[in-house]
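Trainee: Going line by line, the protein sequences match chains A and B. Each residue of the first sequence is one higher than the last, beginning at 87 in the working numbering. Each residue of the second sequence is one higher than the last, beginning at 87 in the working numbering. Glycine residues also receive a C-beta, built at the ideal position from the N, C-alpha and C atoms. Handing you this structure, nothing more for now.
There are 2 protein chains.
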Amino acid sequence: VNEIAYVNGQFVAKADAQVNIEDRGYQFGDGAYEVCTIANGQLLDAQPHVKRLERSLRELRIAMPDLNIEQLCLETAQQNHVEWGIVYIQVSRGVAPRNHAFPDKSVLPAVVITSRSMSYPDVFARGEKGVAVISTPEIRWRRCDIKSIALLPNIMAKQEARDVGAFEAWFVNEDGFVTEGSSTNAWIIRDDTVITHPVTNAILNGITRQVVIRLLEKEGLQLKLRPFTLDEVKQADGAFMTSTTVCVTAVTSIDGVDIADGKVDDRILTIAARYKEHVHSAAG
Amino acid sequence: VNEIAYVNGQFVAKADAQVNIEDRGYQFGDGAYEVCTIANGQLLDAQPHVKRLERSLRELRIAMPDLNIEQLCLETAQQNHVEWGIVYIQVSRGVAPRNHAFPDKSVLPAVVITSRSMSYPDVFARGEKGVAVISTPEIRWRRCDIKSIALLPNIMAKQEARDVGAFEAWFVNEDGFVTEGSSTNAWIIRDDTVITHPVTNAILNGITRQVVIRLLEKEGLQLKLRPFTLDEVKQADGAFMTSTTVCVTAVTSIDGVDIADGKVDDRILTIAARYKEHVHSAAG
Numbered sequence: 087v088n089e090i091a092y093v094n095g096q097f098v099a100k101a102d103a104q105v106n107i108e109d110r111g112y113q114f115g116d117g118a119y120e121v122c123t124i125a126n127g128q129l130l131d132a133q134p135h136v137k138r139l140e141r142s143l144r145e146l147r148i149a150m151p152d153l154n155i156e157q158l159c160l161e162t163a164q165q166n167h168v169e170w171g172i173v174y175i176q177v178s179r180g181v182a183p184r185n186h187a188f189p190d191k192s193v194l195p196a197v198v199i200t201s202r203s204m205s206y207p208d209v210f211a212r213g214e215k216g217v218a219v220i221s222t223p224e225i226r227w228r229r230c231d232i233k234s235i236a237l238l239p240n241i242m243a244k245q246e247a248r249d250v251g252a253f254e255a256w257f258v259n260e261d262g263f264v265t266e267g268s269s270t271n272a273w274i275i276r277d278d279t280v281i282t283h284p285v286t287n288a289i290l291n292g293i294t295r296q297v298v299i300r301l302l303e304k305e306g307l308q309l310k311l312r313p314f315t316l317d318e319v320k321q322a323d324g325a326f327m328t329s330t331t332v333c334v335t336a337v338t339s340i341d342g343v344d345i346a347d348g349k350v351d352d353r354i355l356t357i358a359a360r361y362k363e364h365v366h367s368a369a370g
Numbered sequence: 087v088n089e090i091a092y093v094n095g096q097f098v099a100k101a102d103a104q105v106n107i108e109d110r111g112y113q114f115g116d117g118a119y120e121v122c123t124i125a126n127g128q129l130l131d132a133q134p135h136v137k138r139l140e141r142s143l144r145e146l147r148i149a150m151p152d153l154n155i156e157q158l159c160l161e162t163a164q165q166n167h168v169e170w171g172i173v174y175i176q177v178s179r180g181v182a183p184r185n186h187a188f189p190d191k192s193v194l195p196a197v198v199i200t201s202r203s204m205s206y207p208d209v210f211a212r213g214e215k216g217v218a219v220i221s222t223p224e225i226r227w228r229r230c231d232i233k234s235i236a237l238l239p240n241i242m243a244k245q246e247a248r249d250v251g252a253f254e255a256w257f258v259n260e261d262g263f264v265t266e267g268s269s270t271n272a273w274i275i276r277d278d279t280v281i282t283h284p285v286t287n288a289i290l291n292g293i294t295r296q297v298v299i300r301l302l303e304k305e306g307l308q309l310k311l312r313p314f315t316l317d318e319v320k321q322a323d324g325a326f327m328t329s330t331t332v333c334v335t336a337v338t339s340i341d342g343v344d345i346a347d348g349k350v351d352d353r354i355l356t357i358a359a360r361y362k363e364h365v366h367s368a369a370g
């Protein structure tokens, strides 16, 4: 496959897509990103993603690039013949001689966009079947609400999960509460209530999370925004995770302990089905 | 100036020194680095820096590149005609399609080395005169002992300092204790004792910090390794910071409050003088 990437104004072969070694994204993790769904060649929930990128950049005091991000994402998907998949957008503070303090305002943010195909039938099937997660201590910084590219603890946690054959790692803070997964939001169902962490600096307010909250309302399911403990996960009637790339994915065990005897709660299947419809709704 | 950088096996003009957009250093902050002093064309404390790089990479489960790092640093300094200055070495996990989990072991770490001149007389003069610092909440991750390139909170803190005309920001944790600066270790002198944070996961064990600890012993100064509070800084007989690029730099105020009436304690001048000798000792 000849993949194409958008890099600072140009579409180039991904193999040749490069940035300067003094791009602050490379030397400091100084940037933010988004991952959006491409459904039948269309961008899903483009506006909330662009708005969140704007917010992340504002919090980092990086200027929002004066570009039509939506259009560039679509073009990148098209250049890569992606009908169903994702598009990745990264904005860093730009290239400047290495120095912790911000560079001169004349330094322009660097923009990189890539896109790849994904099999949504496979994602939905895995989501209905369920996956294993592990817990790992919450060691990240206090601004997880910013979707920054400084993802080192996240990738270490994800690998920790993969090392034991699990799909995802859920961070558990010092008080025993689950914050979120290494690249997903975390949810449980207990009795009649769906529970997920409220929006604070401790989690990323996922776009899929927001969509699922609206779907719950439509389905008449009770929602409670509060942190839950690892013990609550183990004793839950069901658990699941959400993100652009995993959609709604059931969690059937944590740290090797089956949740609800490893059976996926019907309500999770309903939420997953509604989210699947949401993905297809963008396809027109 | 035609700066030269070492990038993955080649010396190239820095303006043309590039890495692929899917280098994990760029998409995840997935790498570690070192900054070493070049004194009269020689590397200062090369072994502790290389050993620390090895440790950082081991903690991140990145393979130590099978290279003569010391030799490459010297060559990079020479290519840039740096007699007095610093050399910067960065190692990332390498290039792979974006995915949180580690790539296949066949993916080789990426290595970048740059070097620039620095005026040590200016650094020493500023260090003796003293600088202003501010305090800022400790929001970083729990593995600050790893010298990772995921430095986003550090650069935000440094800029916060610069915004108010201060030189550095000292992180203060929830319990009110100073951990360290955004790119320096933090010290105070109280009565007869020099105090700095012990080695834990909350600070980077600076090479300059380690040298200064040895110098204190030689000078017969009392050393206490313990966290100190922001109030203790304000009431201290003296305060200073250490790092490869600031050497020993006096701190004369914090959050606008003068420390010891803004006068630099003689013992700090002694420590700074001894460290200056240490730098010159490498020059042969």
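Return the CA-CA distance between A:R300 and A:P189, expressed in angstroms with no decimal places.
Mentor: Cα to Cα, the separation comes out at about 41 Å.
Trainee: Buried or exposed, going by whether 16 or more other CB atoms sit within 10 Å of the CB of B:E254?
Mentor: By the 10 Å Cβ count, B:E254 comes out buried.
Trainee: For a minimum of 4 consecutive residues, which ranges assigned as the alpha helix (DSSP H) are wholly contained in the segment 99-173 of chain B?
Mentor: Here the runs fully enclosed are 110-114, 132-145 and 155-165.
Trainee: Enumerate in chain order the residues of its own chain whose CB-to-CB distance from A:A103 is below 6 Å, with the five nearest sequence positions on each side excluded.
Mentor: The answer, listed in chain order, is A91 and V93.
Trainee: How long is the line joining the alpha carbons of B:A125 and B:D208, rounded to whole angstroms?
Mentor: Going from the Cα of B:A125 to the Cα of B:D208 covers about 14 Å.
Trainee: Look at the Cβ atom of B:G324, then the Cβ atom of B:I281, and state whether they are nearer than 8 Å.
Mentor: No. Outside cutoff.
Trainee: Using C-beta distances below 6 Å, list every residue in its chain close to B:D341, excluding the 5 sequence neighbours before and after it, in chain order.
Mentor: Closer than 6 Å at the Cβ level, and outside the excluded window around B:D341, lie I220 and S221.
Trainee: Is it right to say B:E305 is buried, meaning 16 or more other beta carbons lie within 10 angstroms of its own, or is it exposed?
Mentor: Classification for B:E305: exposed.
Trainee: If I'm right that A:K233 touches A:Y361 with Cβ under 8 Å, what's the distance once you round it to whole angstroms?
Mentor: With a Cβ gap of about 20 Å, A:K233 and A:Y361 do not count as contacting.
Trainee: For A:V93, which three-state DSSP category applies?
Mentor: The answer is strand: DSSP assigns A:V93 an E or B state.
Trainee: Between the segment 186-214 of chain B and chain A, which residues of the former have a C-beta closer than 8 Å to a C-beta of the latter?
Mentor: Per Cβ criterion, the list reads H186, A187, F188, V198, T200 and R202.
Trainee: Could you check if A:K349 is buried or exposed, using at least 16 other CB atoms within 10 Å of its CB as the buried criterion?
Mentor: The residue in question, A:K349, is exposed, as its Cβ has fewer than 16 Cβ neighbours within 10 Å.
Trainee: Run through DSSP, which three-state label would A:M327 get?
Mentor: Strand at A:M327.
Trainee: Kindly list, in the order they appear in chain B, the residues whose Cβ is closer than 7 Å to that of A:G251.
Mentor: Within chain B, no residue comes near A:G251; the closest Cβ sits about 12 Å away, beyond 7 Å.
Trainee: In whole angstroms, what separates the C-alpha of A:T330 from that of A:C230?
Mentor: Going from the Cα of A:T330 to the Cα of A:C230 covers about 17 Å.
Trainee: Find out if the Cβ-Cβ distance for the pair A:E156, A:L194 is shorter than 8 Å.
Mentor: No; because the gap between Cβ atoms is not below 8 Å, this pair is not in contact.
Trainee: To the nearest angstrom, how far is the alpha carbon of B:D131 from that of B:C122?
Mentor: Distance between the alpha carbons of B:D131 and B:C122: 8 Å.
Trainee: Helix, strand or coil: which one does DSSP assign to B:P195?
Mentor: Three-state DSSP puts B:P195 in coil, outside helix and strand.
Trainee: For a quick check, are the C-beta atoms of B:V264 and B:P313 less than 8 Å apart?
Mentor: For B:V264 and B:P313, yes; Cβs fall inside 8 Å.
Trainee: Taking the continuous beta strand (DSSP E) assigned at B:L309, which residues delimit it?
Mentor: It spans Q308 to L311 - the beta strand (DSSP E) in which B:L309 sits, taken as one unbroken run.
Trainee: Can you tell me where the beta strand (DSSP E) holding A:E254 begins and where it ends?
Mentor: That run of the beta strand (DSSP E) goes E254 to V258.
Trainee: Can you tell me which of the three DSSP states B:R202 falls into?
Mentor: Three-state DSSP puts B:R202 in a strand.
Trainee: Between B:N106 and chain A, is the shortest Cβ-Cβ distance under 8 Å, so that the two count as touching?
Mentor: True, the Cβ-Cβ gap to chain A drops below 8 Å.
Trainee: Mind checking whether B:R226 and B:S178 have CB atoms under 8 Å apart?
Mentor: Going by C-beta atoms, B:R226 is not nearer than 8 Å to B:S178.
Trainee: Within 10 angstroms of the Cβ of A:R138, are there 16 or more other Cβ atoms? Answer buried if so, exposed if not.
Mentor: Buried, by the Cβ-count rule.
Trainee: Please classify A:A211 as buried or exposed, where buried requires at least 16 other C-beta atoms within 10 Å of its C-beta.
Mentor: Looking at its Cβ environment, which holds fewer than 16 other Cβ atoms inside 10 Å, A:A211 is exposed.
Trainee: Look at the alpha carbon of A:E161 and the alpha carbon of B:R295, and state the distance between them as a whole number of angstroms.
Mentor: Using only the alpha carbons, I get a separation of about 51 Å.
Trainee: So the alpha helix (DSSP H) B:N240 belongs to, where does it begin and stop?
Mentor: Segment L238 to D249, the alpha helix (DSSP H) holding B:N240.
Trainee: Measure the CB-CB distance between B:V337 and B:I357 and report whether it falls below 8 Å.
Mentor: Taking 8 Å as the Cβ cut-off, B:V337 and B:I357 do not qualify as a contacting pair.
Trainee: Is A:G267 helix, strand or coil by DSSP?
Mentor: Note: A:G267 maps to strand in three-state DSSP.
Trainee: Count the other CB atoms within 10 Å of the CB of B:D351; is the residue buried (16 or more) or exposed (fewer)?
Mentor: B:D351 is buried by the Cβ-count criterion.
Trainee: Using a Cβ cut-off of 9 Å, pull out every chain B residue sitting near A:S234, in sequence order please.
Mentor: The answer, in chain order, is G115, A236 and L238.
Trainee: Any idea which residues DSSP pairs A:A336 with across the strands?
Mentor: In DSSP, A:A336 forms a bridge with A:F326.
Trainee: Opposite A:V219 in the DSSP bridges: which residues?
Mentor: Paired residue(s): A:E254 and A:I340.
Trainee: Does any CB atom of chain A fall closer than 8 Å to the CB of B:A103?
Mentor: So, interface residue.
Trainee: Give me, in chain order, the residues of the same chain whose beta-carbon lies closer than 8 Å to that of B:F97; leave out the 5 immediate sequence neighbours on both sides.
Mentor: Around B:F97: I90, A91, E161, T162 and Q165.
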